[in-house]
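Have a look at the structure below, then the notes.
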Amino acid sequence: MSRPKQCKSLTLERKVALIKEVEKASRSKSCIAKEFGIPLSTLSTVLKNKQKVLEGFEQSFSSKRKRIRASKFPDVEAALLLWLQNVRAANLAAHAMC
Numbered sequence: 001m002s003r004p005k006q007c008k009s010l011t012l013e014r015k016v017a018l019i020k021e022v023e024k025a026s027r028s029k030s031c032i033a034k035e036f037g038i039p040l041s042t043l044s045t046v047l048k049n050k051q052k053v054l055e056g057f058e059q060s061f062s063s064k065r066k067r068i069r070a071s072k073f074p075d076v077e078a079a080l081l082l083w084l085q086n087v088r089a090a091n092l093a094a095h096a097m098c
């Protein structure tokens, strides 16, 4: 019995490289997918989300990041970040505050 294929997550950097390679249009999409070692459907999904990928890459997201996901509660995250910065500035341990 064979093992199922492992899912591979592409980094943002690799997705941008895929998009640029397709935009050159020197080769077919299937050839590009083989070169990158991904299925054609994955390439199609990256191209479908092209705008999000390029915006995420330009917005100082880490190029090693694999997903572009917005926060469900941005105000809570901003408050948490502010609290954490204050705790670190006061040279306290964050885990001791709980």
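Residue 1 is where the sequence shown starts when you use UniProt numbering, and the numbers rise one by one after that.
From the three backbone atoms N, C-alpha and C, an ideal C-beta is built for every residue, glycine too.
Fair warning: this is a prediction, and the values are worked out from it, not measured in the lab.
task: Could you tell me the distance, in whole angstroms, from the CA atom of T11 to the CA atom of K64?
output: Against the sequence shown, residue 11 aligns to sequence position 11. Against the sequence shown, residue 64 aligns to sequence position 64. T11 and K64: Cα-Cα distance of roughly 5 Å.
message: For the alpha helix (DSSP H) containing R88, name the first residue and the last one.
response: Sequence index remark: in the sequence shown, residue 88 carries index 88 (1-based). Taken as a continuous stretch (DSSP letters only), the alpha helix (DSSP H) holding R88 covers P74 to A89.
- request: Please name the residue, chosen from V87, L84, W83 and K20, that lies closest to L43 on a Cα-to-Cα basis.
  value: Position 43 of the sequence shown, counting from 1, holds the residue named residue 43. Measuring from the Cα of L43, the nearest candidate turns out to be K20.
- request: Quick one: using the 10 Å Cβ neighbour count with 16 as the cut-off for buried, is G56 buried or exposed?
  value: Residue 56 sits at position 56 when you count from the first residue of the sequence shown. It is buried - the Cβ of G56 has at least 16 other Cβ atoms within 10 Å.
task: Rounded to whole angstroms, what's the CA-CA distance from A41 to L82? Just pull it up for me.
output: Mapped onto the sequence shown, residue 41 falls at position 41. Mapped onto the sequence shown, residue 82 falls at position 82. Residue 41 is actually Ser in this sequence, not Ala. Straight-line Cα distance between these residues: approximately 41 Å.
message: Less than 8 Å between the beta carbons of V22 and K15, yes or no?
response: Position 22 of the sequence shown holds residue 22. Position 15 of the sequence shown holds residue 15. No, the Cβ-Cβ distance between V22 and K15 is not below 8 Å.
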